[in-house]
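> The sequence shown begins at 1 in the UniProt record's numbering and counts up by one.
Sharing a structure below in structure tokens format, with a few things to ask.
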Amino acid sequence: EQEILDTALKLFLEQGEDSVTVEMIADAVGIGKGTIYKHFKSKAEIYLRLMLDYERDLNELLHSADVDKDKEALSRAYFEFRMRDPQRYRLFDRLEEKVVKGHQVPEMVEELHKIRASNFERLTLLIKGRISEGKLEDVPPYFHYCAAWALVHGAVALYHSPFWSNVLEDQEGFFQFL
């Protein structure tokens, strides 16, 4: 199952999710198309499973002892996680829009949103702590969370922009700066 997911992700990133078929994934893994359908009912289910695994990884990071010990590490860890693979981040953004708008696999979308709600609650708790310590401006915690999200989203857009990717001579240095 993991090999199917890894291969699907690789193909989606290389060829675009719309041009990749379940048969192409099966061929790349070296199995029959029917075998994929034993694990996943549809391509949308593969999309959601990839997104669920990604959000679970973030959830694990946000609940790690490292973030509890080093409060300064929170924003750095969040940004590094989201920016580790900007192409994947952008892909998952597109995939979510497809499955939510298409009302596909609603139980998995609900699970995705539950994980995100858990991540949001955890971030809110950590941000409230930073506000009470005087380290962050005293505004509703979601202001800080949404600002971090916007920063990541903007950084991903810059990464993919033909103009800005040429202007940013030191992309790695720039992303470290952010």
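Just so you know, even glycine gets a beta-carbon here, dropped at the ideal spot from N, CA and C.
This one's a predicted model, so the numbers in the text were calculated from it and none came from an experiment.
Please identify the residue among D18, G154, E60 and F174 whose C-alpha is closest to the C-alpha of L123.
Nearest C-alpha to L123: E60.
> Apart from the five residues just before and just after L5, which ones in its own chain have a Cβ nearer than 8 Å to its Cβ?
So the list reads I46, R49, L50 and D53, once near-sequence residues are dropped.
> Taking only runs of the alpha helix (DSSP H) that begin and end inside the stretch 26 to 69, which ones reach a length of at least 4 residues, in chain order?
33 to 39, 43 to 62 and 65 to 69, all fully within the stretch 26 to 69.
> On a CA-only basis, which of A117, E137, A150 and V156 is nearest L58? Give me that one, please.
When only C-alpha atoms are compared, the closest one is A117.
> If you draw a straight line from the alpha carbon of A44 to that of E14, how long is it in whole angstroms?
If you take the alpha carbons of A44 and E14, they lie about 18 Å apart.
> Under DSSP, the alpha helix (DSSP H) around E128 begins and ends at which residues?
As written in the sequence, residue 128 is Lys, which differs from the Glu given in the question. P106 to S132 is the span of the alpha helix (DSSP H), which, as asked, contains K128.
> Spatial neighbours of R82 within its chain, please: CB distance less than 7 Å, with the 5 preceding and 5 following residues excluded, ordered by chain position.
Once the five neighbours on either side are set aside, the close Cβ partners of R82 are Y89 and V152.
> Keeping to the same chain, check which residues put their C-beta closer than 8 Å to that of F177; ignore five residues upstream and five downstream.
Hits under 8 Å: none found.
> Would you say the stretch 86 to 106 touches the stretch 7 to 24, given that touching needs at least three Cβ pairs under 8 Å?
In short, these stretches touch, since the Cβ pair count reaches three.
> Taking the alpha-carbon positions, what's the I31 to M24 distance?
I31 and M24: Cα-Cα distance of roughly 10 Å.
> Around the C-beta of Y37, are 16 or more other C-beta atoms found within 10 angstroms, so that it is buried, or is it exposed?
With fewer than 16 other Cβ atoms within 10 Å, it is exposed.
> Output yes or no for whether 8 Å exceeds the beta carbon distance between A26 and T35.
Their beta carbons are under 8 Å apart, which means A26 touches T35 by this criterion.
> Could you tell me which of K101, L74, E111 and R94 sits nearest to R56, measuring between CA atoms?
Checking every option, the nearest Cα to that of R56 belongs to E111.
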